[in-house]
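Student: Let me give you the structure first, and then I'll get to my questions.
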Amino acid sequence: MTEPVTKSVDAAPKGGVRATQVGRPNASWALPGVLFFLFFAVAPMALAVYLSFTEWNGLGDPEFVGLENWRNLVSDPRLTQSLTVTVALTVVSWVFQTVIALLLGVWASGKQRNRAVLSAIFFTPFLLSSTAIALLFFALLDPNFGVIKGDTLGTTSGAFLAIVFVGGWQFIPFHTLIYQGGARQIPEVLYQAAAIDGAGRVRQFFSITLPQLRHTMAMSSVLMVVGSLTYFETVLILTQGGPGTDTAILPYLMYEAGFRSYDFGYASAVATFLVFAATGLSLLMVRITGFGSMRSAREGM
Amino acid sequence: MSHRSTATAPRRSRSRRSNPVAGVASFVWLLIVLIPLYAMITTSLAGPEEAVGRNALKPPNDPTLDNYSLVLESGFPHYLLNTALAALGVVAIVVGLTVPLAFVAVRNRGFWSGGAFRLFLLGVAIPAQAVVVPLYLMITKLNVYDSLWAIVLPTAAFAMPVSVLILVGTLRDISEESYEAMALDGASPTRMLFQLVIPLAKGGISTVIIYSALQAWNGFLFPLIFTQSEEPRVLTLGLYNYVSQFGVNIPALLASVVLSGVPIFVVYLVARRALVSGLMGVGGK
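Sequence order for the protein chains is A and B.
Residue numbers for the first sequence, in my numbering: -18 to 282.
Residue numbers for the second sequence, in my numbering: 984 to 1268.
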């Protein structure tokens, strides 16, 4: 009888053996959800691994070719470039979005009227879909037409920064909201105590606000990192991976190999690589943040 | 300062102090948010002769709604309806599957329920892009290629991990005593689910509804790869196709972007509070 940590709440006064066993749902209740998820999300991952050892053009049946796709992948200079761009995009986006969302969110958690009005306006970009936002900036950055003259998307750094900016413009409202919600839950007494001890605003921010927001930051960061892997439509619409292949992030590389060159075996090898990278990343983040054992916010208070 | 404060806090409350530096910074961000939106709206009102080479920040001399009628005649209402149907399907599947699942993860003490929770915990990081190729194979074998189901089923599956995390977080906040009180009355798990869990987890459930509806609303990759014809085309893909359809007619393209924002803007105006607190819920406690 090894009990998951989450169930240790039973330390509370028990109402007899019967009361703790009656009314607990049978594990089979979870089955439809688990099966659905296994079928549409986990099985495809396994299938991706299998397909990466085959050659398949989308028609007919996949043909087993052993390690050929993997050999091609490892020696493909696009992979190194793509990996570098993906990591750089993730890191730069994380910094850009976290810094702004954290500051805006903590600021907006104040109850002043003007802050409420501004937060409502800050939120509006999030109402557009990412496709719509990519199209908006595609139009605004058009060299013949846009607000910014010159061919921003034609240079490597311009195209990269445009993707970072567009991603931030879209997602900062959402993360601001998360931080705003987190900051509102920080108990006021902590600040009163700090004020009595003579801590200034900056000191309070670093000694109270930041540590208190660590769960919020963990969740927001997980969503950001996973989210920046999904800049696919931004890349497809804004830069087509260009100039050259300079902004071809991993998902875009896979899309091109699969649905443009119809080399689904090779695309699956890229996809498998992506799955392992993402799973490793999430295991690492779960470990660092301790999300798995995260308890109710009320416990220990 | 704050006259509403009670005897416990006679000094100025922290949350009401002004902060000029942050005020200026937020004003800068306000401009960054508003200028593209402003340029979008003014440009969408420009006629064809004004479109090329105009200063996007200047209002058009001769505003026209022609671009909007062009978009509305180019299948826009049909795409919007498809997106709404897809969102409805995704929400129904996600809520129907994850609420009992979260209930088990929190209340069942067995080995398998813990495993199920960890499965979804890991699932949070699976990028949907990574599985489009095998999903494409499965979708064609299931004979749902080029239908709304091809969009709804995988979108729902990929909205599940975050939904489970949100719900588990909410359900853990329901006190042990409430369960025990009901158990002493001899309540069945079904009755507990409907009379205790669902009413008390309303906040979490509405967060899940908003989150999964947004996944359907935002989804682009699945529609791009799993559908082809006009019939099941959703809004995001419709917008993408306007790029080639409208060509250099940038004002019409931007009019379609504006129109795509209208439905959810209306939702935002009507239910701002629910939407905002629902999204805040995604961040957990």
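By construction, the Cβ of each residue, glycine as well, lies at the ideal position given by its N, Cα and C atoms.
For a minimum of 4 consecutive residues, which ranges assigned as the alpha helix (DSSP H) are wholly contained in the segment 88 to 165 of chain A?
Tutor: The qualifying runs are 94 to 103, 111 to 121 and 137 to 165.
Student: Could you check where the alpha helix (DSSP H) with R1216 of chain B kicks off and where it finishes?
Tutor: Here R1216 of chain B belongs to no alpha helix (DSSP H), and DSSP marks it neither H nor E.
Student: Within the 8 Å Cβ cut-off, does Q161 of chain A reach chain B?
Tutor: Taking Cβ atoms only, chain B reaches closer than 8 Å to Q161 of chain A, which makes this a yes.
Student: When burial is assigned at 16 or more other CB atoms within 10 Å of the CB, is S242 of chain A buried or exposed?
Tutor: Under this definition S242 of chain A is an exposed residue.
Student: Of all the CB atoms in chain B, is at least one closer than 8 Å to the CB of R268 of chain A?
Tutor: Not one chain B Cβ lies under 8 Å of R268 of chain A.
Student: Check F21 of chain A in the structure and name its three-state DSSP category.
Tutor: F21 of chain A: helix per DSSP, three-state reduction.
Student: Closer than 6 Å by C-beta to W150 of chain A: which residues in its own chain qualify, once you throw out the five before and the five after it? Chain order, please.
Tutor: P106, listed in sequence order.
Student: Do L1176 of chain B and P1083 of chain B have their C-beta atoms closer together than 8 Å?
Tutor: Result yes, Cβ atoms of L1176 of chain B and P1083 of chain B sit closer than 8 Å.
Student: Counting only Cβ-Cβ distances shorter than 8 Å, please list the residues of the segment 1081 to 1099 of chain B near chain A, keeping chain order.
Tutor: The residues in question are T1081, P1083, L1084, F1086, V1087, A1088, V1089, R1090, N1091, R1092, G1093, F1094, W1095, S1096, G1097 and A1099.
Student: Scan the segment 1192 to 1206 of chain B for residues whose Cβ lies nearer than 8 Å to a Cβ of chain A and list them as they occur along the chain.
Tutor: Per Cβ criterion, the list reads W1200, N1201, F1203 and L1204.
Student: Against G239 of chain A, what residues of chain B qualify as contacts under a CB-to-CB distance less than 7 Å, listed in chain order?
Tutor: By Cβ distance, chain B contributes V1116.
Student: Taking the alpha-carbon positions, what's the L1048 of chain B to A1070 of chain B distance?
Tutor: About 29 Å.
Student: Evaluate F257 of chain A with the Cβ neighbour count: other Cβ atoms within 10 Å of its Cβ, from every protein chain shown; 16 or more gives buried, anything less gives exposed.
Tutor: F257 of chain A is exposed by the Cβ-count criterion.
Student: Provide the residue span of the alpha helix (DSSP H) that contains N1065 of chain B, from first to last.
Tutor: Start and end: F1059 to R1090.
Student: Specify the secondary structure class of T1047 of chain B as computed by DSSP and reduced to three states.
Tutor: In the structure shown, T1047 of chain B sits in coil (DSSP, three-state: anything other than H, G, I, E or B).
Student: If you run the structure through DSSP and keep just helix, strand and coil, what is V1011 of chain B?
Tutor: The answer is helix: DSSP assigns V1011 of chain B an H, G or I state.
Student: Whose CA, out of B:I1157, B:T1173, B:S1161 and B:H1061, lies closest to the CA of P6 of chain A?
Tutor: Per the Cα distances, B:T1173.
Student: Taking Cβ positions only, does F1141 of chain B come closer than 8 Å to chain A?
Tutor: So yes, F1141 of chain B belongs to the interface.
Student: For P1182 of chain B, which residues in chain A fall below 8 Å Cβ to Cβ?
Tutor: Under the 8 Å cutoff, chain A gives no residues; its nearest Cβ is about 16 Å from P1182 of chain B.
Student: For the alpha helix (DSSP H) containing Q185 of chain A, list its first residue and its last residue.
Tutor: Element bounds for Q185 of chain A: R182 to Q185.
Student: Can you list, in chain order, the residues of its chain with a C-beta nearer than 6 Å to that of M235 of chain A? Leave out the 5 residues immediately preceding and following it.
Tutor: Same-chain partners within the cutoff: A248, V251 and A252.
Student: Residues in the same chain with beta-carbon distance under 7 Å from L1236 of chain B, minus the five sequence neighbours each way, listed in chain order, please.
Tutor: These residues qualify, in order along the chain: Y1225, V1226 and F1229.
Student: Using a Cβ-Cβ cut-off of 7 Å (strictly less than) and excluding sequence neighbours within five positions of V145 of chain A, which residues of its own chain qualify?
Tutor: Excluding sequence neighbours, V145 of chain A sits near L70, V73, S74 and F77.
Student: Please list, in chain order, the residues of the segment 1125 to 1151 of chain B that have any C-beta partner in chain A closer than 7 Å.
Tutor: Those would be L1136, P1137, A1140, F1141 and M1143, in chain order.
Student: I'd like to check one pair, S63 of chain A with G148 of chain A: are the Cβ atoms closer than 8 Å?
Tutor: No, they are not a contact pair.
Student: Roughly how many whole angstroms lie between the Cα atoms of P1234 of chain B and P1182 of chain B?
Tutor: Each residue's Cα considered, the two are about 47 Å apart.
Student: If we cut at 8 Å on Cβ distances, does S1243 of chain B have a partner in chain A?
Tutor: Closer than 8 Å: yes.
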